[in-house]
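Engineer: One structure, pasted below without further comment.
There are 2 protein chains.
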Amino acid sequence: MSETPLPLVRTVADLRAQVRAWRAEGLRVGFVPTMGALHEGHLSLVRLALANADRAVASVFVNPTQFGPNEDFDAYPRGEQRDAELLAGAGCHLLYAPTVSEMYPEGYATKVTVARITEPLDGSARPGHFDGVSTVVTKLLLQCGPDVAVFGEKDFQQLQVIRRMVRDLDIPVEVLGAPTARADDGLALSSRNAYLSAAERAVAAKLNFTLRAAIAHLQAGHAVAAVETAAVAALDEAGFDRVDYVEVRDPEDLSRLGPGPLAGPARILAAAVIGRTRLIDNMAV
Amino acid sequence: MSETPLPLVRTVADLRAQVRAWRAEGLRVGFVPTMGALHEGHLSLVRLALANADRAVASVFVNPTQFGPNEDFDAYPRGEQRDAELLAGAGCHLLYAPTVSEMYPEGYATKVTVARITEPLDGSARPGHFDGVSTVVTKLLLQCGPDVAVFGEKDFQQLQVIRRMVRDLDIPVEVLGAPTARADDGLALSSRNAYLSAAERAVAAKLNFTLRAAIAHLQAGHAVAAVETAAVAALDEAGFDRVDYVEVRDPEDLSRLGPGPLAGPARILAAAVIGRTRLIDNMAV
């Protein structure tokens, strides 16, 4: 393997030894779990970790258990050397890149599940996805033992599921959400944007545009149900091949709001497919 | 509340503050989770914790989620003052006795499940029981953050489920199993023995007697299936009202052995009911 531009560990034992050494020096540790294929969004998570801790650890692990059987686990982009260079450039101190067998050794049998908040939206569109997420995040947090852990608001339902799980299981860590990094036309940065052709890329921008238009209508007092329906129609019209959902929900527990006009804060969330690429986005209302 | 003979905390925050203070002094912390109604068996766990750590914390929490709807949650014996006195006498340093709402606040939604090893034996006889156990033990371990945690071999399947779960979720703790404490006639000490009438108490002793006889037969080369059937018949004959199981299993993953003679180490496990009392026992073969 070629040399990496920052220290790299592949085992829980080596990760813990480094974190223990930092703790012994009185240093606070921040942690950024990722699936690699890093972009500016991930680097902003590293910077937020460093604003809240003395040392930053990033993990890169493409977790098989959060992909469905017909999803893109095999195709998901991987490039450790480039990820390591980007992390080093953002000031990250350690890369943790475990193997699948380090994470799920033979005989592995345990699952963490979160009820209710995992049911709608991506939980309904991707059965089993959040069980995979909550289990691997529990493991990563307990392997690293950081003071703070940073997750992107881009995966907003995931962030709220993790907050719920960390609170429920008493995992001793502070969870921070980081704002979504976007391209100039509003498209949320995502490793999956790499799948898009030029024509698909132009359609993709309409996802965020449609959410911003929907927010304007909600703020003007339009009914939630009507705004959701209009947004789905707009995405169909814009050229998406399938719209999984556009929904306005409670910003904490993601319970349903509406069907009438909003009475308080909300989050609008959407998922839609172009070609073989599934994109998600969300914004505060 | 009357004064307790050892320090008592009721919140995660107070528990962690004490454990953190001990850690800062370089002391190792041992943890003994219990459901109270303490007896000599529990005290032997505290002593094992103290043989492996500088400070011992015991928790007393009758966990509602590991009782089935027709089980004895409400009747389960409770007596905090007496428990605290016994713990102090065994050298315990801190009692952690959280409320149900401290453990499961409003909105609580997370569950830890362990597959396979939870399916037979008590997993089959008590649906949902081990989900309740694995979830509450994960929480207690993450609340306390001990160096070692001690569980009794009396609940052997529970012990092996916890070992599996701790390994799988990377909970940073060493799990120790403690030998079963027994009355002179072999009956395993249990908080539920308090339910037994004098006549039932005489029958109860036959549970361990039958296991010892079964082990002798296994060691003499008798077939597993025949020994299991004979043991069930012996318990019926002895006056038990219902025999849930007598089974010879792999001592690690509790997979099935037999039906022929044993070729290696095994564990024999049994559960049977007299009147309203369900008793369990197990021994190494």
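Chains as they are written, first to last, in my numbering: chain Y, -12 to 272; chain H, -12 to 272. Every residue, glycine too, gets a C-beta built ideally from N, C-alpha and C.
Do you know whose CA, among E72(H), L256(H), Y91(H), lies nearest T167(H)'s CA?
Structural biologist: Translated into positions along the second sequence, residue 167(H) becomes position 180. Checking every option, the nearest Cα to that of T167(H) belongs to L256(H).
Engineer: When you compare the CB positions of E187(H) and G132(H), do they come within less than 8 Å of one another, or not?
Structural biologist: In the second sequence, the residue the question calls residue 187(H) occupies position 200. In the second sequence, the residue the question calls residue 132(H) occupies position 145. It is not a contact, given that the beta carbons lie outside the stated cut-off.
Engineer: Along chain H, in chain order, which residues have C-beta atoms closer than 7 Å to that of K126(Y)?
Structural biologist: In the first sequence, residue 126(Y) corresponds to position 139, counting from 1. Near K126(Y) (Cβ distances below 7 Å), the residues of chain H are L156, D157.
Engineer: For the alpha helix (DSSP H) that A75(H) lies in, which residues bound it at each end?
Structural biologist: Your numbering for residue 75(H) matches position 88 in the second sequence. Segment 67 to 76, the alpha helix (DSSP H) holding A75(H).
Engineer: Using the Cα positions of L266(H) and R(-3)(H), report the straight-line distance between them to the nearest angstrom.
Structural biologist: For this step, residue 266(H) is matched to residue 279 along the second sequence. For this step, residue -3(H) is matched to residue 10 along the second sequence. Distance between the alpha carbons of L266(H) and R(-3)(H): 30 Å.
Engineer: List the residues of chain H whose Cβ lies closer than 7 Å to the Cβ of Y95(Y), in chain order.
Structural biologist: As a first step, residue 95(Y) is located in the first sequence; it is residue number 108 there, counting from the start. Correct list: D155.
Engineer: Residues in the segment 95 to 120 of chain Y with C-beta within 7 Å of chain H's C-beta atoms, listed in sequence order?
Structural biologist: Taking 7 Å as the Cβ-Cβ cut-off against chain H, the residues of the segment 95 to 120 of chain Y that qualify are Y95, A96, T97, K98, V99, T100, V101, A102, R103, I104.
Engineer: Within 7 Å: the Cβ of N50(Y) and any heavy atom of the ligand FMN?
Structural biologist: This structure simply doesn't include the ligand FMN, nor any ligand for that matter.
Engineer: Looking only at its own chain, which residues have a Cβ that is under 6 Å from the Cβ of A218(Y), when we skip the five neighbours before and after it?
Structural biologist: Here the question's residue 218(Y) lines up with position 231 in the first sequence. If we look at A218(Y) and ignore the five residues flanking it on each side, its Cβ neighbours are T197, A201, V233.
Engineer: Suppose the cutoff is 7 Å on Cβ atoms and the five residues either side in sequence are ignored; what does the same chain contact list for D331(Y) look like?
Structural biologist: Missing from the structure shown is residue 331(Y); chain Y here goes from -12 to 272 and no further.
Engineer: For D171(Y), which of helix, strand or coil comes out of DSSP?
Structural biologist: The count along the first sequence starts at 1 and reaches residue 171(Y) at position 184. Coil, per DSSP.
Engineer: Counting only beta-carbon atoms, is R65(Y) nearer than 8 Å to chain H?
Structural biologist: The residue labelled residue 65(Y) in the question sits at position 78 within the first sequence. So, not an interface residue.
Engineer: Taking only three categories from DSSP, how would you classify F138(Y)?
Structural biologist: For this step, residue 138(Y) is matched to residue 151 along the first sequence. Three-state DSSP puts F138(Y) in a strand.
Engineer: Quick check on the DSSP output: the alpha helix (DSSP H) that includes S31(H) runs from which residue to which?
Structural biologist: To locate residue 31(H), count along the second sequence from 1; it is residue 44. Residues 27 to 39.
Engineer: Considering Cα atoms alone, identify which of V135(Y), T100(Y), F143(Y) is closest to T273(H).
Structural biologist: Since the first and last residues shown for chain H are -12 and 272, residue 273(H) lies out of range.
Engineer: Between which two residues does the beta strand (DSSP E) holding R103(Y) run?
Structural biologist: Reading the first sequence from its first residue, position 116 is the one you call residue 103(Y). Counting along the chain, R103(Y) falls outside any beta strand (DSSP E), and DSSP gives it neither H nor E.
Engineer: State the start and end residues of the unbroken beta strand (DSSP E) segment that holds V160(Y).
Structural biologist: Locating residue 160(Y) in the first sequence gives position 173, counting from the first residue. Unbroken run through V160(Y): none, as it is neither H nor E.
Engineer: Quick check: V160(Y) and R150(Y), are their CB atoms within less than 8 Å of each other?
Structural biologist: Taking the first sequence and counting its residues from 1, one reaches residue 160(Y) at position 173. Taking the first sequence and counting its residues from 1, one reaches residue 150(Y) at position 163. Result no, Cβ atoms of V160(Y) and R150(Y) do not sit closer than 8 Å.
Engineer: Since Q130(H) meets chain Y, which of its residues come closer than 9 Å, beta carbon to beta carbon?
Structural biologist: Numbered from 1 along the second sequence, position 143 holds the residue referred to as residue 130(H). Residues of chain Y passing the Cβ test: D157, P159.
Engineer: Hey, L81(H) and L183(H): beta-carbon distance below 8 Å or not?
Structural biologist: Locating residue 81(H) in the second sequence gives position 94, counting from the first residue. Locating residue 183(H) in the second sequence gives position 196, counting from the first residue. Result no, Cβ atoms of L81(H) and L183(H) do not sit closer than 8 Å.
Engineer: Per DSSP, K98(Y) forms a beta bridge with which residues?
Structural biologist: Position 111 of the first sequence, counted from the first residue, corresponds to residue 98(Y). Note: K98(Y) sits in a beta bridge opposite T100(H).
Engineer: Taking only three categories from DSSP, how would you classify G17(Y)?
Structural biologist: In the first sequence, the residue the question calls residue 17(Y) occupies position 30. Looking at G17(Y) - three-state DSSP - the assignment turns out to be strand.
Engineer: Are the C-beta atoms of R254(Y) and some chain H residue less than 8 Å apart?
Structural biologist: The residue labelled residue 254(Y) in the question sits at position 267 within the first sequence. No, R254(Y) does not count as interfacial toward chain H.
Engineer: Could you list which residues in chain H have their beta carbon closer than 8 Å to that of R151(Y), in chain order?
Structural biologist: Residue 151(Y) sits at position 164 when you count from the first residue of the first sequence. The answer, in chain order, is G94, A96, T97.
Engineer: Roughly how many angstroms lie between the CA atoms of L241(H) and Q68(Y), to the nearest whole one?
Structural biologist: For the purposes of this step, residue 241(H) is taken as residue 254 along the second sequence, with counting starting at 1. For the purposes of this step, residue 68(Y) is taken as residue 81 along the first sequence, with counting starting at 1. Using only the alpha carbons, I get a separation of about 44 Å.
Engineer: Along the segment -5 to 25 of chain H, where does the CB come closer than 9 Å to a CB of chain Y? Name the residues.
Structural biologist: Going along the segment -5 to 25 of chain H in chain order, one finds V(-1), R3 with a Cβ nearer than 9 Å to chain Y.
Engineer: Have a look at L73(Y) and L249(H) and give me their C-alpha separation to the nearest angstrom.
Structural biologist: As a first step, residue 73(Y) is located in the first sequence; it is residue number 86 there, counting from the start. As a first step, residue 249(H) is located in the second sequence; it is residue number 262 there, counting from the start. Computed Cα separation, rounded: 58 Å.
Engineer: Any idea which residues DSSP pairs N273(H) with across the strands?
Structural biologist: The displayed coordinates of chain H run from -12 to 272. Any statement about residue 273(H) would go beyond what the structure contains.
Engineer: Using three-state DSSP, classify L241(Y) as helix, strand or coil.
Structural biologist: As a first step, residue 241(Y) is located in the first sequence; it is residue number 254 there, counting from the start. Correct three-state label for L241(Y): coil.
Engineer: Going by DSSP, what residue range makes up the beta strand (DSSP E) through V230(H)?
Structural biologist: In the second sequence, counting from the first residue as 1, residue 230(H) sits at position 243. Segment 229 to 236, the beta strand (DSSP E) holding V230(H).
Engineer: At which residues does the alpha helix (DSSP H) containing S46(Y) begin and terminate?
Structural biologist: Locating residue 46(Y) in the first sequence gives position 59, where the first residue counts as 1. That residue, S46(Y), is in no alpha helix (DSSP H); its beta strand (DSSP E) goes 42 to 47.
Engineer: Between the segment 50 to 68 of chain Y and the segment 110 to 127 of chain Y, are three or more C-beta pairs nearer than 8 Å?
Structural biologist: Yes, the segment 50 to 68 of chain Y touches the segment 110 to 127 of chain Y.
Engineer: Per the DSSP calculation, A11(Y) is bridged to which residue(s)?
Structural biologist: Translated into positions along the first sequence, residue 11(Y) becomes position 24. Looking at the DSSP assignment, A11(Y) forms no beta bridge with any residue, so it has no partner.
Engineer: By a C-beta neighbour count over all protein chains shown, 10 Å radius and 16 as the cutoff for buried, is A259(H) buried or exposed?
Structural biologist: Position 272 of the second sequence, counted from the first residue, corresponds to residue 259(H). It counts as buried.
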